[in-house]
Structures are given as C-alpha cells and as structure tokens.
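Peer 1:
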Amino acid sequence: CMKAFVDQDVCIGCGLCAEICPEVFAMNDQMTADVIVETVSADAEDAARDAADSCPVSAISIEE
Ligand code: F3S
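If you're matching positions, the sequence shown starts at 647 in my numbering and goes up one per residue.
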C-alpha cells in the first residue's frame with residue numbers, strides 16, 4: 647500500500663497538496679503540510695501522486 651511523507655524542512659507551505667488531495671494532506675499550525683493518514687487509500691492514490699508532482703519544492707515523497 648502507498649505511504650506519503652512531507653519533508654518539513656523543505657515544505658514552504660504553498661498549500662497545493664492539501665488542495666489537490668485533502669484526504670491525505672492538511673496544513674498544520676506551522677503552516678506546513680502534514681500527512682494525515684497512515685496509508686493512502688486506493689481512491690486517493692492518483693491525487694496523492696498528483697500532489698507530489700505539483701509541489702513546487704518537491705517536499706512530498708511517495709512510497710508505493
Ligand atoms: Fe508544502 Fe509542497 Fe504541500 S510546499 S504545502 S508540501 S505542495
């Protein structure tokens with residue numbers, strides 16, 4: 647199953663991931679994105695990949 651990670655040192659808080667895939671990513675109090683699920687559900691996999699591809703600083707990594 648798929649897992650997603652956000653590198654907190656790299657994320658600049660652009661918010662795109664939470665917009666594209668709110669099932670998996672949410673903004674936190676530090677204005678960076680957190681992964682809010684243990685594993686990415688099959689339904690959300692495409693959106694999660696999309697979010698990773700769209701992040702302007704490539705802070706998101708996906709483990710298939
Ligand atoms: Fe951060 Fe990239 Fe999301 S900058 S808020 S991980 S799109």
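Just so it is clear, CB atoms sit at the ideal spot from N, CA and C, and this is done for glycine as well.
1. Can the beta-carbon of M677 be found less than 7 Å from the beta-carbon of A664?
2. Answer with yes or no whether the minimum CB distance from D699 to chain C is below 7 Å.
3. Spatial neighbours of V686 within its chain, please: CB distance less than 6 Å, with the 5 preceding and 5 following residues excluded, ordered by chain position.
4. Could you tell me the boundaries of the alpha helix (DSSP H) in which S700 lies?
5. Using only CA atoms, which one of S700, E709, E710 lies nearest to C657?
Peer 2: Straight from the coordinates:
1. Taking 7 Å as the Cβ cut-off, M677 and A664 do not qualify as a contacting pair.
2. Among the protein chains of the structure shown there is no chain C, as only one such chain exists.
3. The residues are M648, A650, V670, A694.
4. Residues 691–700.
5. Cα-wise, what sits closest to C657 is S700.
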